[in-house]
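*Asks:*
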Amino acid sequence: MVNVYSARHYDSDRALYAAFEQATGIAVRVLPANAEQLLERLRAEGEATEADLVVAADAGNLWRIKEAGLLQNVTTPALEAGVPARLRDGDGAYWGFTKRARVIVYRKDAVQPAQVANYDDLANPRFRGQIVMRSSTNTYQLSTLASRIERLGAENARAWAAGVRANFVRDPQGSDTDQIKAVAAGEAQATLVNHYYHFRLMRSEDPADREVAAKTGIVFPDQAGAGTHINISGAGVTAHAKRRDRAVQLLEYLVSDEAQTLLAPMNVEFPIRPAIAPAPDLAALGAFKEEDIALGVLGRHQAEAARIFEEVGWR
Amino acid sequence: MFDPARVARFDGVAIFAALATLICAAPAIAVFALALTRSDGGADFAGGLLRDGAIGTLSLMLAGGLGAIVFGATSAWLVGLCRFPGRSVFEWLLVAPLAAPSYILAYAYASLTWSGGPIPIPIAGFWGAAFVYAIGLYPYVYLAGRAAFVSQSSGALEAARTLGARPAQVFWRVALPLARPAIAAGGALAMMEIAADYGAAHHFGLTTLSTAVFRAWYAHGSPGMALQISAVLLAGAILFLMVERRARGRASFANASRGRETPRYRLSPLSSAAAFLFCAALATFGALLPLAWLLRLALLHANVEDIVQPFVNSMMLSSGGALVTLVLAASIAAAARRTGAFGKASLYAAAMGYAAPGAVLAMGALALFGAAREAGWVGGLGAGLALTALIWSYAARFASAGVQPIDAGLARLSKGLDSSARTLGAGPWRRFLHVDLPIAAPSLAAAALILFVEILKELPATLILRPFDFDTLAVKAYAYASDERLLEAAAPALLIFVAGLLPILVLSRGIGVRRVAT
Amino acid sequence: MSVVTLSHVKRAYDRTWAVNDISLTAPEAQVLALLGPSGSGKSTILRLIAGLEAVDVGEIRIGDELVSTPDRTLATEARRVGMVFQDFALFPHLNAGANVAFGLDKLGRAERDATALKWLDRVGLRHRVSAYPHELSGGEQQRVALARALAPAPRAVLLDEPFSGLDPVLRAELRDATLATLMEARTTTVFVTHDAEDALQVADRLAILKAGKLLQEGTPRQAYDRPASVDAAAALGPVNGFSGHAAHGAVATPFGAIAAPHLADGAKADVAVRAEALLLTPGAGARVLSVRPHGAHDVVRIEAQGFVWRALAPARSAFGETVSVEIQPAGAFAFSS
């Protein structure tokens, strides 16, 4: 038996754990909840915790759990070979096992892809009153701005956030999917979302969702520049894991060829290694240039990102 | 009324009640303690968040609460004292929105009316949220108001008619003023729910004290700031309750009701049509429309096998939680009647949690657990302990929802009964078990049903405190909805709705029965 | 002021007639008392007159206006009848003045307040105008309720057991005051009570009811002196009963004979003898079982041939172990059974 605290609620993950159990005979017990709440629970449980592995859906969250001293450093050859250095913690506290891209979604019949080729375009005054955005309480927004702080400095990041804020159609409301729907409905020209939300709409059983996807297009931004912002889902072994070896075993399994190949078709995230092919509809978009920063910095800049959002009035 | 025989009697019941109060108030007290001791940065934004959050919460309480009062009081009057086609169906149908958690209503309305949804009038922003709260929470006012209208001394209403008052005048000049305390109490419940709600306000992009708590926690990564904002929310709740109780206390019309059923007004055809349309609109927008939409989504993506175990878990947890909370709430309510200042204080203490987001109380419970662990009293948060902590959080959060109806039921106990039981040699436990409880039994049943439904809908505390591999319907619905998979979320959400509907219908019926009995 | 007339009125509850074929007239500016035990239908008659319930059969008129038929019930608020409820039904959220002014909303503010005050003054409560119902004593509540009912100048006023909740001393006082107020207002009044003394003291006309039926209707004097049945006799005070047979224009009882010229020889007869119609003198004929004080009288239980009757004798009369009994004809009635 091995116990997992997971901030990912996907059915694909359950299939993955079942496959692990099949292969090793080790049962996986899962407690899915919010990353922030799991952190509080781990903190209160201290050394008495039952959790062996923590899974979270954003590098920033993983960094916070590490900073709270609730993860232990683990390094094995299989992990090092499986996860590119950029997509893991330098100390080995957490390891990425899927990738997601922060992409621009635009309205096909009103916007040329070239007009939204870069993140900066979202702050361009030509889109005044034509951009919708999700709340900055969401961790993906925080990490997007954090990467900008890392590459271009806080002042630049603030100017960008203020520029985007100035282009808002309305105050942020709803989820990533709601932003895409707003663009499809003609309420806005473009927005910023995680790529898989758009693909889910394409695959939806609801015809209305598929229509939304058809009306909108995806752009991987900054291809001529630093590359598209990438985030990870990752996992780390808890500081007080009672079943450390099994936790490491599960961690290694998550980045193994078998698990990655299993995950790819079920999920529309990118496998952690370029060698594994993503889902066919995702692969059809072709390769793209990824932003080259160590994801550990995302967490470090998150507090400042939140501060900037607060200052420019993007809540 | 001052009754020396009831003041400051610290018997066994009172001591048990003191313990119950402590149990219910502990997580909230822990939140206060943590707010004072824990600081982890981001404080320079606390002021702005607090200000905007307070304004947001107060305006939403006002707009949503007033809406709920107008919807609830009007429908209570129509159904309780008038006669028009469909009245007997609306009598129970109007309670249905109570089965829907606010966050599910919010998600349903967002997908129904936002950006290319089937209804082109967007229910969004501040007024959208106020609408969702009003249409989802008016049943609190409806239930309290209807009971008040129906049990009003028929004499007062008849007297008004013999003095020449027309139906509308009877409503404005007699029935409404007499039902005002009950309507205010129902409105207060709705407002507390609004203050505690996070899901709907967040989805609609509003800054309230509750969303500020989570912004501080999630975005600023500062649980300390979150706790401090929570402490303000809790203190505000106590203040709100004190004002509400005070206002109600001055206007309590304990009236000996007579054993005659109040005759209903037969409405003119035009008024009948208006009454029908009004009630139909409430039932449609509060329950039928979102229910139908969820059903459509659920049928698009049927995942039945996924929700069987969560359904069983939800039932077990809701029943167990309701039972425990009921016992605690009953003893608090009973003690509040027997002991003066102490009883009042325990009512407030138990009520704090009702205006607090569940996740914050869960944090308080977690902190208490952490302290107990460090003291070496308990080990890890295994399944047993996790469920205990969870049920404890439910009690802390919902004790007030149980205390209110029980308190109202006990208010029907005449003082003579307690005295005569005493002259017959009954001790405090016998009086509690053999006098107070049986007489308050209908209210206890009502309280149990309310608690069951509340716990069924509860999400944040369940999310954080449950054991491994233990999902409830609410958790399941949330897991999918937070992952923006509304289709998958629809089936468990629908099931919460349906599972909550049954006890609510029983509840609604029970009040109908009482009408004949009083 | 108007005459209130009921013609063959019936009203059913749960398939039994709560009011069974009642025809009655409340004469203009007089007090009609409806006397009967609980379940006699008297309160229902009041509610029918008020329009709070509909008639199943028959009709009710107020003055010339037909207000209730099985097809049509004029709304209570349009009937202009005042009512004083058993629990007074004062509006707890309004003070005494506002309670009385409630039915005067067609008047201007100044006139309304003046009228309310005038009526409070008439019932002697001018000084309590700002008091709320819970601050008033039972008697004061009753007087406010009466003032409230009379203030709008109703066509008739209905009183539902208005004295039943009050203590005996207060009751007599209040009864007289109420009667004075009603006389002064010259209002047609229908007054429901289960108390014979109330009825006899207040009523101009008396209707005795039992199980939804009218037993007797007339002046209090007629009802007392010439009851229509044993039940009617018993409704107005304690009576002793006996069943026997008529012989030679009389019915023999263990305590003496009772004239019954209207009964044929051998007919079965029911006898009612008022307790106050038994005159006891020293002698033989009946055994004294007990003597108990009862105000100005003593209640004496006497026995003859195994029958026990009760008699009212002047207080502190000295009786031996036996007495001689004389039945006074004015209080002794024989009915064919």
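Protein chains in written order, with this note's numbering: chain A, 1 to 315; chain B, 1001 to 1518; chain C, 2001 to 2337.
Positions of the beta carbon are idealized from the N, C-alpha and C atoms, including for glycine.
Find the residues of chain A that neighbour isoleucine 1183 of chain B, judging by a C-beta separation of less than 7 Å, and give them in chain order.
*Replies:* Here the premise fails: no neighbours, minimum Cβ distance about 32 Å.
*Asks:* Taking buried to mean at least 16 other C-beta atoms within 10 Å of its own C-beta, is isoleucine 1055 of chain B buried or exposed?
*Replies:* It is exposed - the Cβ of isoleucine 1055 of chain B has fewer than 16 other Cβ atoms within 10 Å.
*Asks:* Taking only the alpha-carbon atoms, compute the straight-line gap between arginine 2226 of chain C and glutamine 2216 of chain C and give it to the nearest angstrom.
*Replies:* Taking the straight line from one Cα to the other gives about 10 Å.
*Asks:* Could you pull out every residue in the same chain whose Cβ sits closer than 7 Å to the Cβ of serine 1443 of chain B, ignoring the five residues on either side in sequence?
*Replies:* Closer than 7 Å at the Cβ level, and outside the excluded window around serine 1443 of chain B, lie Pro1405, Ile1406, Ala1408, Gly1409.
*Asks:* How would you label aspartate 222 of chain A, buried or exposed, when you count the other beta carbons within 10 angstroms and need 16 or more for buried?
*Replies:* With 16 or more other Cβ atoms within 10 Å, it is buried.
*Asks:* I need the DSSP call for glutamate 2276 of chain C, collapsed to helix, strand or coil.
*Replies:* In this structure, glutamate 2276 of chain C counts as helix in the three-state DSSP scheme.
*Asks:* When the Cα atoms are used, what is the spatial distance from alanine 2089 of chain C to leucine 1487 of chain B?
*Replies:* Between alanine 2089 of chain C and leucine 1487 of chain B, the C-alpha separation is close to 57 Å.
*Asks:* State buried or exposed for tyrosine 2013 of chain C, treating a residue as buried only when at least 16 other CB atoms are found within 10 Å of its CB.
*Replies:* Tyrosine 2013 of chain C is exposed by the Cβ-count criterion.
*Asks:* Based on Cα-Cα distance, which residue from A:Lys108, A:Arg148, A:Leu71 lies nearest to valine 183 of chain A?
*Replies:* Cα-wise, what sits closest to valine 183 of chain A is A:Lys108.
*Asks:* Given lysine 1457 of chain B, which residues of its chain have a CB within under 7 Å of its CB, disregarding the five upstream and five downstream residues?
*Replies:* Answer for lysine 1457 of chain B: Pro1101, Ala1474, Ile1496, Gly1500, listed in chain order.
*Asks:* Opposite aspartate 2160 of chain C in the DSSP bridges: which residues?
*Replies:* In the DSSP output, where bridge partners are listed per residue, aspartate 2160 of chain C has C:Val2192.
*Asks:* Once the 5 residues before and after phenylalanine 1398 of chain B are set aside, which same chain residues still bring their CB inside 6 Å of it?
*Replies:* Cβ within range, chain order: Thr1325, Leu1451, Glu1454.
*Asks:* Please tell me whether arginine 2310 of chain C and arginine 2301 of chain C are closer than 8 Å, where the distance is taken between their beta carbons.
*Replies:* Yes, the Cβ-Cβ distance between arginine 2310 of chain C and arginine 2301 of chain C is below 8 Å.
*Asks:* Taking proline 2314 of chain C as part of the beta strand (DSSP E), name the residues at either end of that continuous run.
*Replies:* Looking at the DSSP string, the run of the beta strand (DSSP E) that includes proline 2314 of chain C is 2307-2314.
*Asks:* I'd like to know whether the C-beta atoms of proline 1223 of chain B and glutamate 40 of chain A end up nearer to each other than 8 Å.
*Replies:* Yes, the Cβ-Cβ distance between proline 1223 of chain B and glutamate 40 of chain A is below 8 Å.
*Asks:* What does DSSP give as the partner residues of alanine 2207 of chain C in its beta bridges?
*Replies:* DSSP lists C:Leu2034, C:Glu2217 as partners of alanine 2207 of chain C.
*Asks:* Can you pull the chain C residues whose beta carbon is under 7 Å from the beta carbon of alanine 1156 of chain B, in chain order?
*Replies:* Near alanine 1156 of chain B (Cβ distances below 7 Å), the residues of chain C are Ala2089, Phe2091.
*Asks:* Quick one: any contact between the segment 76-87 of chain A and the segment 245-264 of chain A, if contact means 3 or more CB pairs under 8 Å?
*Replies:* Counting Cβ pairs under 8 Å, three or more are found: they touch.
*Asks:* Out of A:Ser136, A:Val219, A:Val164, state which residue places its alpha-carbon closest to the alpha-carbon of glutamate 304 of chain A.
*Replies:* It is A:Ser136 whose Cα lies nearest to the Cα of glutamate 304 of chain A.
*Asks:* Give the single residue among C:Leu2236, C:Val2230, C:Ala2235 whose Cα lies nearest to the Cα of serine 2243 of chain C.
*Replies:* With distances taken between Cα atoms, serine 2243 of chain C lies closest to C:Val2230.
*Asks:* For threonine 2005 of chain C, count neighbouring C-beta atoms within 10 Å of its own C-beta (all shown protein chains included) and say buried if the count is 16 or more, exposed if not.
*Replies:* Buried, because 16 or more other Cβ atoms sit within 10 Å of the Cβ of threonine 2005 of chain C.
*Asks:* Which one of A:Leu31, A:Ala264, A:Asp58 has the shortest CA to CA distance from leucine 282 of chain A?
*Replies:* With distances taken between Cα atoms, leucine 282 of chain A lies closest to A:Ala264.
*Asks:* Taking C-beta pairs closer than 8 Å, name the residues in chain B that threonine 2076 of chain C reaches, listed in chain order.
*Replies:* Residues of chain B passing the Cβ test: Glu1158, Arg1161, Thr1162.
*Asks:* Quick one: is proline 2152 of chain C near chain B, going by C-beta distance under 8 Å?
*Replies:* With 8 Å as the cut-off, proline 2152 of chain C counts as an interface residue toward chain B.
*Asks:* Note the first and the last residue of the continuous beta strand (DSSP E) segment covering valine 2057 of chain C.
*Replies:* Counting along the chain, the beta strand (DSSP E) containing valine 2057 of chain C begins and ends at 2057-2062.
*Asks:* Using a beta-carbon distance below 8 Å, is asparagine 34 of chain A in contact with chain B?
*Replies:* It does: the Cβ of asparagine 34 of chain A has a partner Cβ on chain B nearer than 8 Å.
*Asks:* Whose C-beta lies closer than 6 Å to the C-beta of alanine 1099 of chain B among residues of the same chain, with five residues either side of it excluded?
*Replies:* Excluding residues within five positions, the ones whose Cβ falls inside 6 Å are Phe1497, Gly1500, Leu1501, Ile1504.
*Asks:* From the beta carbon of alanine 1108 of chain B, is the nearest beta carbon of chain A less than 8 Å away?
*Replies:* No, its Cβ sits nowhere closer than 8 Å to a Cβ of chain A.
*Asks:* Count the other CB atoms within 10 Å of the CB of arginine 2155 of chain C; is the residue buried (16 or more) or exposed (fewer)?
*Replies:* Burial call: buried.
*Asks:* If you draw a straight line from the alpha carbon of serine 147 of chain A to that of valine 1095 of chain B, how long is it in whole angstroms?
*Replies:* So the alpha carbons of these two residues sit roughly 50 Å apart.
*Asks:* Which whole-angstrom value is the C-beta distance of alanine 2151 of chain C and tryptophan 2119 of chain C, which I expect to be below 8 Å?
*Replies:* About 5 Å separates the two Cβ atoms, so the contact holds.
*Asks:* Would you say valine 2081 of chain C lies against chain B (beta-carbon separation less than 8 Å)?
*Replies:* True, the Cβ-Cβ gap to chain B drops below 8 Å.
*Asks:* Along the segment 2122-2139 of chain C, where does the CB come closer than 8 Å to a CB of chain B? Name the residues.
*Replies:* Answer set for the segment 2122-2139 of chain C: empty.
*Asks:* For chain B, check one thing: does any of its Cβ atoms lie closer than 8 Å to the Cβ of alanine 2313 of chain C?
*Replies:* No - not a single Cβ of chain B is within 8 Å of the one on alanine 2313 of chain C.
*Asks:* Confirm, please, whether the CB-CB distance from valine 2019 of chain C to valine 2003 of chain C is below 8 Å.
*Replies:* Result no, Cβ atoms of valine 2003 of chain C and valine 2019 of chain C do not sit closer than 8 Å.
*Asks:* Can you name the residues of chain C whose CB is closer than 7 Å to the CB of alanine 1165 of chain B?
*Replies:* The contacting residues are Glu2077.
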